[in-house]
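Scroll down for the structure; my scribbles are underneath it.
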Amino acid sequence: MACLVRSWIPLLFLQSFLVAIAFGSNEGEEFSEELLLKPLPDRKVLAHFHFENRAPPSNSHGRNHHLFPKAISQLVQKFRVKEMELSFTQGRWNHEHWGGFDPLSSMNAKPVGVELWAVFDVPQSQVDISWKNLTHALSGLFCASINFLESSTSYAAPTWGFGTNSDKLRYGSLPREAVCTENLTPWLKLLPCRDKDGISALMNRPSVYRGFYHSQRLHLSTVESGQEGLGSGIVLEQTLTVVIQPETTSVETNMQPSWSLSSLFGRKVVGSCVLAKSSNVYLQLEGRLGHESKNVDTEIEAHKLWMNSDFDLSLKPDRVIRESSSLLFIFDIDKSSDSEPFDLGLTWKLPSKWSCEQAPLHASRFLMGSGNERGAIAILLKATESQEKLSGRNLTTDGRCTIKANIFQIFPWYIKVYYHTLQIFVDQQQKTDSEVLKKINVSPSTDKVSSGMLEMMLELPCEVKSAAISIEYDKGFLHIDEYPPDANQGFDIPSALISFPSHHASLDFQEELSKSPLLSSFKEKSLVRSYTEVLLVPLTTPDFSMPYNVITITCTIFALYFGSLLNVLRRRIGEEERFLKSQAGKKRGGLKQLLSRLTAKIRGRPIEAPSSESPAAESSFLSSKLIFKIILVAGAAAAWQYFSTDK
Amino acid sequence: MASEKRDKEEEEVKTDDGSPKIKPRPIVQLGIFLVAHSPVFSVVFSAAGVLALLILPLLAKNTYISENALMPGSARSMLSNRDVSDGSKLVKDIKNYWLNHEGQVQKLIGKYMSDMGAEVYYQKFHPEGNQFHPLHFFSGPDSYTLLDNVSCASYGVNVAGIIRAPRGDGKESIVLVTPYDFINGGDYEALSLGITSTLFSLLARVTWLSKDIIWLVTDSRYGDYRPVAAWLTEYHSPSFKVSDLLKCGELNTADTFRRAGTVAAALVLKVDGRSERFEDTLSIYAEASNGQMPNLDLINVVNYLAVHRQGFYVKVEKVVSLLSSSWLKIIGEIFEAVGKLARTLNPDWNFGIPAADYLEGSATLASSLYSQALGIPTGPHGAFRDYQVDAITLKISPRFPPDSKTRQHDFFLRGARLLEGTIRSVNNLLEKFHQSFFLYLLTSPSKFISVGVYMIAFALLVAPLPMVAASLYIEGCKALTKSTDNPTENLKSWKWLDAAKQVFALHLLGFIVTLLPYFICQVPGQHSPRNRSIMWGTTSSSLLLITFAIIPGCSPFSSRHHGTNWAVLKSVTISAAFIGLCLMSIINFATAEIGALLLVPTCLMAQPIKPALRSRRIKSLLGAFCSMVLLTIGFPVMFFAISKGLFGEAVVGLSLGGEFWTWLESLWAWKSATYLYIGMVHLPCWLLCLCILFHPS
């Protein structure tokens, strides 16, 4: 017994020490974990994990972090990153059913593949260098080919079209990057509890990757302390958005499926992460449900909120918050334990239908034309149902109601866009640029050097039904070693970003919430943005499967060409005939001629006398000329090869 | 060039008596040898060319899946009875619809699609046909030309449903097309909807999709091709301008036209007629416009799954009349005997195939060659080829009558499994189809002849042309030098100029005649095809007479002995024919092959008839007779009549003109390069041969 006590004491001591470190008041590093669950109208469930890690400003440069990941802080210090966002996405965000006008979708609906943007705090001349270094560092950190963004042909420097106005911003995306668990594991490593404890323990890989959409995002921003001598603090925000289809046995198609955390993820939450300051689970119910129960005062009515004729919650929420169009149930998972795991469930009793709020215009993008020569890119903006509701908000100074839409698009250099062919149709009528185009910024691409970029701001009338933008391009030719693997698939044009600068999405909570970083970020006004589809452009590809044939044919052609060219240069048919004739005349003195030939060969060659009448000397002179020509041709070929491959 | 050299060599040999002969280079020697013996070689080569064509069915190789990623049949089918019952229910509902309501079947199909979880939309289109425009002949699929006076009287409505791949990126899609007549749909057509909806119900649930699936039900009231082409035009080059078509009709089509990325492959499914065989029959149609074929792998996958998994009897089109032809049978038996003999000599030489197989193979080959040469797509899949999409049409003929409920279930299951397997294979594909052949001829669904093999026949056929041209030129030059003592005319290299003028004039005439139908079509008033063909014929012949009258020395009937030696003229004609055939072989190989079969003997045999008659020798008389027969066959109208006769429809008299006109009209409406070939290569060369035949020498 005594032995047991003795072994307990140091353990207790160690634990109290650890806790002291974790909640060290002088350091002020904070970590919080949150999970938002939201049933979607198309019988799916959205799970949004949100982890926030704050490192306050401190003056010690080489300090030790307690909670904050050292890799990130070193990254920030080394490359002087002011703000950065990296996202890995698989699947497409369904703007019609999953919403397009709430902070969740405008921040977490990301383009397929990898997207990275960063703002640097360095002199203008060093931004590109910092960007390149950053891509390599991130590539190593996240086991992804982010280093391909290093090449100047794959990133751009948006000025205002991206939403963040800064000349030190760089943006790049890799649409073809496959997202896998190997990207999630390093991302989880940045969390203090990894996926061992707390909410992140829910991230069962099969269930996360079985989803219809998942986007893992890392956003970091530095906070200036304002004080002299103090460094800057860092806020690291890590989110994972997953859309999962709950498995359902019910055959009824109009009934929403019931689910619980364990049925969605195959796991339950057993206690919170000890290092987290707060760990909450939210359940957001949208639409009609929110409107129905407006005034909740008494205990009974509050109870009705989560256990009514429509649906049942398996757990009692700690708090219920009303938003303009939705209800938010807050659960604190601190109370859960091994014996009583937190397993929130939602059971629907009645069929219910609602719709998500959509962005004012729904954007889709597609390719036009056929053939391997040219084509056109079209962006189609269609008015959504929620547009009418929103349109009243943005009256311009002259009383006209307008919707502003920013379009930001990167074109790879092999898509040679003709910017003068830009055509804008509003409600099926062609408009001149001055009518609808408020601002445009174009940076044309340079072959094999830089990608093209188009930023434009459209000002459309509020009652617009549809708008179309089309721009023509020529398909370029790539050098044989510039083709990626699987070149016959085609080439990707990264997503265009459509943002609505005059529309801001925010959740409008009626109560004061101070603690939750997730809810406070929802409360802030965020720019409404949506990404379009990635496009696949088929380019002409050489037949890679036949290098041998190609080499053989090329060599044959070269041999034939050079052979006949040399023949033409060297041979003089008239001369030859005369020579043969004279030889025929001299035939009688065969031995003598042979002798003279021999002597000429022995003597004549080192001297190389052109005046010599001996035909052999003549021929040797010719051969030296020939050698000179061969060297000339070879030199030209080498030079050509050198200059052609140099770029 | 070769002739000059040869002359020089001869001089050389003469002048230096006793001196060592200057040996010309071997390649030059070979050329001289070939040119000197051109008549023998031309006969040998032409015969070898024809033989090589006949031997092609023996050289056919078995097809194989070239792209490993396709992996057909490796996945277990996931179709369940639930899916099949979905399909059966749709077919039943459609039948009930015909009994109870009128029209608007589109809505019903659309509802089924959206119930399965697809995004549905309706597309209206105009059934207007293709208009011939000389300037747009080779341009790609033209952008949506909008007519100002849009009438709501006739328009078609396509229904399309899109299943989004759950985890896909939406960059690519696979299209399934089922033509259906929404006004008077047949029972068999409804079965194709049943199969596809069975499949669609499965695809809406599966998680393995990486490409979006589009199911397009086209309005086949306006033909099979036009609705698909209209949908593709809207998909690839929509007009953003206002369209009046949207306003017509009660069907609300205000919803957006939805797209799903680059189309990777397309399958057209049709069910029609009852199978004559014991098994269900699957016919594959692959030829698109101008002899373009889809990648062979697509046919391979379908064939493999149909034969080895679902037990369909797979066939491709063949010329039925050839199956009963005795001469082909004899050839087949000869080849069989030769094959057997070869095998007795060496067991490794087993190239012989049974005569029945040979007959079957050559009938299929003939059909394959003919449909490629015609340049008209054999089904709605042709519309996809214009956008570089590999597509084929599958026509399934069930062995049971359409109202048999018991068999229907099994039929749906097997049909849908075949499509599921094919879609799964295409879905596996990361790159677009590129591994296998694009240039091939089929001799059976599982045998093909690649371009490397069938090129030989054509090469052998056209090989004598340059040789004969060279030898004739030398001959003609000699004759000219003898006849004229004028030293200024003795400039050798310009001898061909007169003949070239004539050849050029007749080619120009051919070009004008090619364009004439466009202007004849512009003539106001309704004319029957027969009248139009008469108009065309009279204009063309009067143009020909004008040409003869204007250009001196062009006419074969001019009594004056004006320059053009017939040998030189024939030499230039043959060169022109050679160039024309070679160019055509690049555009449409099959046309060039059939054209060479006609044109090469005609050109080679053409010689003035007068000296032959004068000489009264049997050899020359026979030659003259042969050339006259070949010229008669070579006349396009005549050849058309003969080939019609071969296919079993005899046409005589003036109605032939009308038929011919309709045929040509279809050629240019489909933008077939064969039309250009007939007008700009075949016709001028034929006329030139006629000139040579009646040459006053």
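Which chain is which? The protein sequence lines are A and B, in order.
Here the numbering used here is used: position 272 in the first sequence is 277, and no number is missing along the way.
Here the numbering used here is used: position 673 in the second sequence is 677, and no number is missing along the way.
Even for Gly, the Cβ is constructed at its ideal location relative to N, Cα and C.
The structure presented is a predicted model; accordingly, all values stated were derived computationally and were not measured.
Original post:
Straight-line CA distance for E529 of chain A to N113 of chain A?
Top reply: 15 Å
Original post:
Where DSSP assigns a beta bridge to W264 of chain A, which residues make up the other side?
Top reply: A:L351
**OP:** Might you give, ordered along the chain, the residues of its own chain that have their beta carbon closer than 6 Å to the beta carbon of F28 of chain A, omitting 5 neighbours on each side?
**Re:** Note that F28 of chain A scores a pLDDT of 45, beneath 50, so its modelled location is shaky and nothing firm can be said.
Subject >> Pairwise C-alpha distance: A194 of chain B and S92 of chain B >> reply: 10 Å
Original post:
So, is the C-beta of F244 of chain B closer than 8 Å to a C-beta in chain A?
Top reply: yes
Original post:
Name the chain B residues that come within less than 8 Å of N493 of chain A, Cβ to Cβ?
Top reply: E435, K436, H438
Subject >> Neighbour flag for V573 of chain A against chain B, beta carbons, 8 Å >> reply: no
**OP:** Label F416 of chain A either buried or exposed according to how many other C-beta atoms from any shown protein chain fall within 10 Å of its C-beta, with 16 as the threshold for buried.
**Re:** buried
Original post:
Would V324 of chain B be called buried (16 or more neighbouring beta carbons within 10 Å of its own) or exposed?
Top reply: exposed
**OP:** Could you pull out every residue in the same chain whose Cβ sits closer than 6 Å to the Cβ of A269 of chain B, ignoring the five residues on either side in sequence?
**Re:** I178, D394, V430
Original post:
T437 of chain A to I326 of chain A, Cα distance in whole Å?
Top reply: 49 Å
Original post:
Is the Cβ of N592 of chain B closer than 8 Å to any Cβ of chain A?
Top reply: no
Original post:
When Cβ atoms are compared, which residues of the segment 90–110 of chain A fall closer than 7 Å to chain B?
Top reply: Q95, G96, R97
Subject >> Cβ-Cβ distance between K282 of chain A and F347 of chain A below 8 Å >> reply: no
**OP:** Give me the Cα-Cα distance between V572 of chain B and C481 of chain B, rounded to the nearest whole angstrom.
**Re:** 7 Å
**OP:** Check each candidate in A:G276, A:L121, A:S314 and name the one with the smallest Cα separation from E345 of chain A.
**Re:** A:G276
**OP:** Output the distance between the C-alpha atoms of R222 of chain A and P116 of chain A, rounded to the nearest integer angstrom.
**Re:** 11 Å
Original post:
Between the segment 379–395 of chain B and chain A, which residues of the former have a C-beta closer than 8 Å to a C-beta of the latter?
Top reply: D390, Y391, Q392
Original post:
Listed from N- to C-terminal order along the chain, which residues in the segment 195–225 of chain A have their beta-carbon within a distance smaller than 7 Å of any beta-carbon of chain B?
Top reply: F217
**OP:** Look up V325 of chain A in the DSSP assignment and say whether it is helix, strand or coil.
**Re:** strand
Original post:
Taking L55 of chain B as the reference, which of B:D502, B:F339, B:L469 has the closest Cα?
Top reply: B:F339
**OP:** Quick one: grab the DSSP three-state call for A610 of chain B.
**Re:** coil
Original post:
By DSSP, does I249 of chain A sit in helix, in strand, or in coil?
Top reply: strand
Original post:
When the Cα of G118 of chain A is compared with those of A:E487, A:V132, A:Q261, A:P180, which residue comes out closest?
Top reply: A:P180
Original post:
Can a CB atom of chain A be found closer than 8 Å to the CB of D173 of chain B?
Top reply: yes
Subject >> Neighbourhood of M588 of chain B by C-beta distance below 8 Å, restricted to the same chain and skipping five residues each side >> reply: T595, A596, G599, A677, Y681, V685
**OP:** Could you tell me how far apart the beta carbons of L369 of chain B and K333 of chain B are, in whole angstroms, since I believe they sit closer than 8 Å?
**Re:** With 8 Å as the limit, L369 of chain B and K333 of chain B do not qualify as a contact, their Cβ atoms being about 15 Å apart.
Subject >> Meets three-Cβ-pair contact criterion under 8 Å: the segment 152–169 of chain A and the segment 95–103 of chain A >> reply: no
**OP:** Jot down the residue ranges of each uninterrupted beta strand (DSSP E) in the segment 234–317 of chain B, minimum 3 residues, whole runs only, in chain order.
**Re:** 266–275, 285–289
Original post:
Nearest-angstrom Cα distance between R263 of chain B and F437 of chain B?
Top reply: 21 Å
**OP:** Tell me, please, whether the CB atom of P170 of chain B is closer than 8 Å to any CB atom in chain A?
**Re:** yes
Original post:
For the segment 328–407 of chain B, which segments carrying the alpha helix (DSSP H) assignment without a break, of at least 4 residues, lie completely within its bounds, in sequence order?
Top reply: 330–349, 359–378, 386–389
Subject >> Whole-angstrom distance between N285 of chain A and H55 of chain A, CA atom to CA atom >> reply: 10 Å
**OP:** List the residues of chain B whose Cβ lies closer than 9 Å to the Cβ of S671 of chain A, in chain order.
**Re:** Nothing can be reported for residue 671 of chain A, as the shown portion of chain A is limited to 6 through 652.
Original post:
Taking DSSP as the reference, what is the three-state secondary structure of D497 of chain A?
Top reply: strand
**OP:** Give me the Cα-Cα distance between Q588 of chain A and I578 of chain A, rounded to the nearest whole angstrom.
**Re:** 15 Å
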